[in-house]
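See structure below.
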Amino acid sequence: MTRMKMLARNYAYWTNINSDIENFVRTCRRCQETAKNPVKAALHSWSLEDKPWIRIHADFAGPMDGKIELRRLFAQFGNPQTLVTDNGTQFTSKEFNDFCSQNGIRHIKSPPFHPQSNGQAERFADSFKRSFKKMKENSSATESLQKFLLNYRRTPCPSAPGAKSPAELFLGRQIRTKLSLLKPSATTNYDNRNRKMEEQYNRHHGARQRKFNIGDSVWAKDYRSGAPKQAPGEVVQQYGNRLYDISVDGQIWKRHANQLRLRFSSNPNITETPTELVELPLLPMSRSANVTEEASSMLPTTTAEARPPQAIAGERRTRSRRRPEQLMVDPKKKTYA
Numbered sequence: 001m002t003r004m005k006m007l008a009r010n011y012a013y014w015t016n017i018n019s020d021i022e023n024f025v026r027t028c029r030r031c032q033e034t035a036k037n038p039v040k041a042a043l044h045s046w047s048l049e050d051k052p053w054i055r056i057h058a059d060f061a062g063p064m065d066g067k068i069e070l071r072r073l074f075a076q077f078g079n080p081q082t083l084v085t086d087n088g089t090q091f092t093s094k095e096f097n098d099f100c101s102q103n104g105i106r107h108i109k110s111p112p113f114h115p116q117s118n119g120q121a122e123r124f125a126d127s128f129k130r131s132f133k134k135m136k137e138n139s140s141a142t143e144s145l146q147k148f149l150l151n152y153r154r155t156p157c158p159s160a161p162g163a164k165s166p167a168e169l170f171l172g173r174q175i176r177t178k179l180s181l182l183k184p185s186a187t188t189n190y191d192n193r194n195r196k197m198e199e200q201y202n203r204h205h206g207a208r209q210r211k212f213n214i215g216d217s218v219w220a221k222d223y224r225s226g227a228p229k230q231a232p233g234e235v236v237q238q239y240g241n242r243l244y245d246i247s248v249d250g251q252i253w254k255r256h257a258n259q260l261r262l263r264f265s266s267n268p269n270i271t272e273t274p275t276e277l278v279e280l281p282l283l284p285m286s287r288s289a290n291v292t293e294e295a296s297s298m299l300p301t302t303t304a305e306a307r308p309p310q311a312i313a314g315e316r317r318t319r320s321r322r323r324p325e326q327l328m329v330d331p332k333k334k335t336y337a
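If you use full-length UniProt numbering, the sequence shown closes out at 337, no skipped numbers anywhere.
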């Protein structure tokens, strides 16, 4: 857009030329449909629970009967209050929803095509599958699974409070294995770690605070085969800080803030102001003669004769011109703001 304005000013000029070009580009439908992904929304971590087994994050790593495994775990440790999963057919079926409602479990599903919202479970499933392939050649599937879980639960986790192991956080004690590991003595503040992680994520991705209100016209990411990249819709509901329900052609899509961008219309009756634009006050171009006379009358009288006000040389202001600076490409930088 900057180069377009530079090109236009080389051949023509009119009042509000910059704003006219910006509005023309912003309301271009094809430009909005094929635009790049928006700037990532600021990272929002899951809230911390005061005790274990309150919120469980799960992912399907089959082939196995997930329902029977959940029943065994819930019979051993009790039903959790919240269960977070992705949108796999195993978790979106009516049978699974009935299972959660009958046991008083709040089922939260992450946004479609956005695995980051359930990243810890997705990462664990990936680690499990890789380790399982390495171990199953020397033992049976059941034995390999139990060995992996034993070692995983015993190994200290640097991202956990106090760098403790999962078993120590859940059971309140360290489980005994063949390995004798020292108990970590260093203690860290988990809230501070979340804050540092969010700051590092936001700085690395150039993330900004992005929020949509109910009724906003937006472009939603379209994952249908053969469809445009963006589909026009309207925000109808918000869940938490980053999850929204979008009405698209009579259908309700669930999208993360990273999958949405504001939609601007060329209709002058519709006023849609982007959240990233800030209105600045306009400075007066010149002072009137009356204001000058009133201000001069308030000054103390002197023997020297006052000089008459000088006339303005021209109607347009002059500005100092300088050569544009050449862009120096730096691979380490994310943006050139």
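Using N, Cα and C, we set each Cβ at its ideal position, and we do this for glycine too.
Just curious, the beta strand (DSSP E) that residue i is in, first and last residue?
i      : result
Gln237 : Gln230 to Tyr239
Lys178 : Looking at the DSSP string, Lys178 is not in any beta strand (DSSP E), and its letter there is neither H nor E.
Ala220 : Ser217 to Lys221
Ile108 : Arg106 to Lys109
Ile214 : Looking at the DSSP string, Ile214 is not in any beta strand (DSSP E), and its letter there is neither H nor E.
Thr85  : Thr82 to Thr85
Arg255 : Gln251 to His256
Asp245 : Leu243 to Val248
Ile56  : Arg55 to His57
Leu149 : Note, Leu149: premise wrong, no beta strand (DSSP E); alpha helix (DSSP H) at Ala141 to Arg154.
Leu262 : Leu260 to Leu262
Starting from the C-beta of residue i, find all residues in its chain whose C-beta is less than 6 Å away, skip the five residues before and the five after it, and write them out in chain order.
i      : result
Gln120 : His57
Leu280 : Below a pLDDT of 50, predicted positions are generally treated as unreliable, and Leu280, at 48, falls in that range; the measurement from the model is reported next regardless. So no residue of the chain qualifies.
Val25  : Met1
Lys40  : His205, Ala207 and Asn258
Arg210 : Ala41 and Ala257
Thr177 : Arg154
Phe148 : Ser131
Looking at the unbroken alpha helix (DSSP H) that takes in residue i, where does it start and where does it end?
i           : result
Arg321      : Note, Arg321: premise wrong, no alpha helix (DSSP H); not H, not E.
residue 339 : The structure shown has nothing for residue 339, since the chain only spans 1 to 337.
Arg130      : Gly119 to Met135
Arg210      : Segment: none, Arg210 is in no alpha helix (DSSP H) and carries neither H nor E.
residue 349 : Since the first residue shown for the chain is 1 and the last is 337, residue 349 is missing from the structure and cannot be characterised.
Trp32       : For clarity, residue 32 is Gln in the given sequence; the question names Trp instead. Counting along the chain, the alpha helix (DSSP H) containing Gln32 begins and ends at Arg29 to Glu33.
Val25       : Ile17 to Arg26
Asn97       : Lys94 to Gln102
Thinking C-alpha only, which one of the options is nearest residue i?
i           : options                           : result
Phe77       : Gly88, Arg55 and Thr89            : Arg55
Phe60       : Asn118, Cys28, Arg195 and Ser320  : Asn118
Asn103      : Leu70, Ser110 and Lys178          : Leu70
Arg263      : Val235, Lys254 and Gln251         : Val235
Ile21       : Asn37, Arg3 and Gln32             : Arg3
Thr335      : Gly206, Arg30 and Lys94           : Gly206
residue 375 : Arg210, Met6 and Arg123           : Outside the shown range of the chain (1 to 337) lies residue 375, about which nothing can therefore be said.
Gln251      : Thr15, Leu73 and Ala231           : Ala231
Gln32       : Gly233, Val329, His256 and Arg176 : Gly233
Leu179      : Lys196, Glu198 and Leu150         : Leu150
Lys333      : Arg203, Arg9 and Asp98            : Arg203
Ser266      : Ala12, Cys28, Asn16 and Asn10     : Cys28
Asn213      : Lys196, Arg321, Gln237 and Met197 : Gln237
Pro38       : Val329, Arg319 and Lys229         : Lys229
Pro52       : Thr142, Lys196, Glu199 and Ala167 : Ala167
Quick one: residues in its chain with C-beta nearer than 7 Å to the C-beta of residue i, no 5 flanking neighbours on either side, listed in chain order?
i      : result
His44  : Asn241 and Arg242
Ala160 : Leu169
Asn23  : none
Ser165 : Arg153, Arg154, Thr155, Pro156, Cys157 and Gln174
Tyr201 : Leu43 and Ala207
Arg255 : Pro111, Ala220, Lys221, Tyr244 and Ile246
Phe128 : Ala61 and Phe148
Ser288 : Note that Ser288 scores 47 on pLDDT, short of 50, meaning its location in the model is unreliable; the coordinates nonetheless yield the value given after this. Around Ser288: no qualifying Cβ.
Apart from the five residues just before and just after residue i, which ones in its own chain have a Cβ nearer than 8 Å to its Cβ?
i           : result
residue 425 : Outside the modelled stretch of the chain, which goes from 1 to 337, sits residue 425, for which no answer is possible.
Asn79       : Asn103, Gly104 and Ile105
Lys136      : Ser144
Count the other CB atoms, across all protein chains shown, that sit within 10 Å of the CB of residue i; report buried if there are 16 or more and exposed otherwise.
i      : result
Phe113 : exposed
Ser110 : buried
Leu260 : buried
Asp86  : buried
Trp14  : exposed
Ala304 : Because Ala304 sits at a pLDDT of 46, beneath the cut-off of 50, its placement in the model cannot be relied upon, and the following sentence gives the value as read from the coordinates. Exposed.
Pairs of beta-carbons, one from the segment 243-255 and one from the segment 215-230, closer than 8 Å: are there three or more?
yes
So, does the segment 225-235 touch the segment 192-199, judging by three or more C-beta pairs under 8 Å?
Judged by Cβ distances under 8 Å, the segment 225-235 makes no contact with the segment 192-199, as fewer than three pairs qualify.
Does the segment 30-45 come within contact of the segment 230-241, defined as at least 3 CB pairs closer than 8 Å?
Using a Cβ-Cβ distance cut-off of 8 Å, the segment 30-45 and the segment 230-241 are in contact, since at least three pairs of beta carbons, one from each stretch, lie closer than that value.
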